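Per the UniProt record's numbering, the sequence shown starts with residue 1, numbered consecutively. Using N, Cα and C, we set each Cβ at its ideal position, and we do this for glycine too. As the structure is a computational prediction, the values presented were derived from the model and not from experiment.
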Amino acid sequence: MKKESKRHILSTVVVILAAVAAVTVLFVLHHKQQQEKARQPEESVSQAEDNTIEWNGKRYTYNNNLINILFLGIDHANDIDTSYMPGDAGQADCIMLLSLDKETKEGRILQINRNTMTQIDTYDSTGSAFGTVNAQLATQYAYCIGGSRSCWATEKTVKKLLYNLPISGYFALSVDGIPEINDALGGVTVEMTEEDAAINPAFEAGKEVCLKGADAENYVRYRDTNVFNSNEGRMQRQVKYVTALIKNARSHGGSALYNLISPFLDKYIETDLDGDQIDALSSYTYLTDEVAYLPGETVMGEEFEEFHPDEESLQEQIIRTYYKEVN
1 MKKESKRHIL STVVVILAAV AAVTVLFVLH HKQQQEKARQ PEESVSQAED NTIEWNGKRY
61 TYNNNLINIL FLGIDHANDI DTSYMPGDAG QADCIMLLSL DKETKEGRIL QINRNTMTQI
121 DTYDSTGSAF GTVNAQLATQ YAYCIGGSRS CWATEKTVKK LLYNLPISGY FALSVDGIPE
181 INDALGGVTV EMTEEDAAIN PAFEAGKEVC LKGADAENYV RYRDTNVFNS NEGRMQRQVK
241 YVTALIKNAR SHGGSALYNL ISPFLDKYIE TDLDGDQIDA LSSYTYLTDE VAYLPGETVM
301 GEEFEEFHPD EESLQEQIIR TYYKEVN
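As structure tokens, this is what we get:
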């Protein structure tokens, strides 16, 4: 009688353990599936299936002549395509949207302040999203694991900031690669302003200077952290430098840009553009006199400067620049 009771108890325990094991396996499999799903880029989301929006009682449709490419300048000393722990991948100190008009062959630039406060997605060491924080846009790259994953995360956040504006791809450049890429082009010439003399006495106002080596990196990176909103001047220099670099590449021939950067792709550049698309970047005439900036104001936060966009003005800017009214 006691043996039968023991056998019954043993059988019950075995059944329970088997059930627990089965549930555990199912939970682990489900968790892995969720992680894999979180690692995959999300589909592009537009305001409507026909890519139209309503604003102030009128309907607008996206201008399909425009191709938008996100350009990022990453402040990091090591290889850009390496995986890092969240927080170690560097920040996006330069954030530009290059808008290329296929019909007119003109390119326009929207310069986005790195200090723009917005909702940032946070990621774990596997690259899976697990929450959000309100922080500077530049930190979105750092909050992921570097390389293509951080580029994708930043592109997604910029897209949300700009009311789901279509973005076709990204091109990220480590600022540590600027001296080598700059010199591979034979230097990049820009016209100096009075503010530029603070970077280097040789940068005399009104003078055209061919930047070489470390001078090129200093030109695009420098800002006086003791001066409030000094990032504004740096943004202007970044636009001048990037457009001058592209113009220089175009003067070397149609395929010069890809040929120029191909030796540096593994170390300093992360992009989802192919060779033809990269060459196409240098085939457009960039309207440097029509550079746009996000509307808003810079204020001092608890610890760092914060740029707060004017949401109503920003929405109007996006609609008038990238959409066409539907009659």
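1) If you scan the region 176-263 from start to end, which runs of the beta strand (DSSP E) of 3 or more residues do you find wholly inside it?
2) Quick check: what's the CA-CA separation for Met115 versus Ala138?
3) Kindly give me the distance between the Cβ atoms of Tyr293 and Ile246, rounded to whole angstroms, as I take these residues to be in contact under 8 angstroms.
4) Please determine, among Thr271, Asn259, Val175 and Ala249, the residue with the shortest C-alpha to C-alpha distance to Gln238.
5) Beta carbon of Tyr141, beta carbon of Leu97: below 9 angstroms?
6) Can you give me the start and stop residues for the beta strand (DSSP E) that Leu314 sits inside?
7) Is the region 79-87 in contact with the region 145-155, if contact means three or more CB pairs nearer than 8 angstroms?
8) At the level of alpha carbons, what is the spacing between Tyr268 and Gly177?
9) Give the range of the alpha helix (DSSP H) segment to which Lys278 is assigned.
10) Would Thr61 pass as a contact of Lys324 if the rule is Cβ separation under 9 angstroms?
11) Here's the rule: buried if 16 or more other CB atoms are within 10 angstroms of the residue's CB, otherwise exposed. What is Asp266?
12) Tell me which residues share the same chain as Met192 and place their Cβ nearer than 8 angstroms to its Cβ, disregarding the 5 neighbours each side in the sequence.
13) DSSP puts Val299 in a beta bridge; with which residues?
14) Using 10 angstroms around the beta-carbon of Ser125, count the other beta-carbons present and answer buried if the total reaches 16, otherwise exposed.
15) Going along the chain, which unbroken runs of the beta strand (DSSP E) with 3 or more residues stay wholly within the region 91-165?
16) If we count the other Cβ atoms within 10 Å of its Cβ and call it buried at 16 or more, is Asp93 buried or exposed?
17) Could you check how far apart the C-beta atoms of Ile80 and Val158 are, in whole angstroms? I think they sit under 8 angstroms.
18) Buried or exposed: Arg234, going by 16 or more other Cβ atoms within 10 Å of its Cβ?
19) So, using beta-carbon positions, are Ile261 and Ser168 closer together than 9 angstroms?
20) From Asp276 to Tyr258, what distance separates their C-alpha atoms?
21) Nearest-angstrom Cα distance between Pro179 and Gly90?
22) Closest by CA to residue 350, which one among Thr104, Glu270, Asn63 and Glu303?
23) Counting only the same chain and skipping the five closest in sequence on each side, list residues whose C-beta sits under 6 angstroms from that of Asp310.
24) Report the partner residues of Asp75 according to the DSSP bridge assignment.
25) Using the C-alpha atoms, what's the distance from Glu303 back to Thr189?
26) Using only the alpha-carbon positions, how far apart do Val299 and Ile112 sit?
27) Closest to Ala153 by CA distance: which of Gly107, Ser128, His308 and Phe228 is it?
28) Let's test the definition: count the other Cβ atoms within 10 Å of the Cβ of Thr243 and tell me whether it reaches 16, buried, or not, exposed.
29) Between which two residues does the beta strand (DSSP E) harbouring Lys267 extend?
30) Relative to the C-alpha of Glu103, which candidate in Leu185, Ser230 and Asn65 has its C-alpha closest?
31) Determine the extent of the beta strand (DSSP E) in which Leu287 is found, giving its start and end residues.
32) Closest to Ala135 by C-alpha separation, out of Ile319, Glu312 and Gly301, would be which residue?
Considering the structure as presented:
1) Listed in chain order, they are 188-191 and 208-211.
2) A small correction: the amino acid at residue 115 is Asn; Met does not occupy that position in the sequence shown. If you take the alpha carbons of Asn115 and Ala138, they lie about 6 angstroms apart.
3) Here Tyr293 is actually not in contact with Ile246; their C-beta atoms are around 19 angstroms apart, not less than 8 angstroms.
4) Val175
5) no
6) Careful: Leu314 lies outside any beta strand (DSSP E), inside the alpha helix (DSSP H) at Glu311 to Tyr322.
7) yes
8) 5 angstroms
9) First, the amino acid is wrong: residue 278 is Ile here, not Lys. Residues Gly275 to Leu281.
10) yes
11) Its Cβ having fewer than 16 others within 10 Å, Asp266 is exposed.
12) The answer, listed in chain order, is Phe203, Glu204, Ala205, Gly206, Lys207, Glu208 and Val209.
13) Answer by DSSP bridge pairing, in chain order: Glu306.
14) exposed
15) 91-101, 106-111, 117-123 and 129-136
16) Per the 10 Å Cβ criterion, buried.
17) 18 angstroms between Cβ atoms; not a contact.
18) buried
19) no
20) Looking at the two C-alpha atoms, the distance is approximately 8 angstroms.
21) 18 angstroms
22) In the structure as shown, the chain starts at 1 and stops at 327, and residue 350 therefore has no counterpart that could be examined.
23) Pro295 and Gly296
24) Gln91
25) 36 angstroms
26) 16 angstroms
27) Ser128
28) buried
29) From DSSP, Lys267 is part of no beta strand (DSSP E); its letter is neither H nor E.
30) Asn65
31) Run containing Leu287: none; DSSP gives neither H nor E here.
32) Gly301
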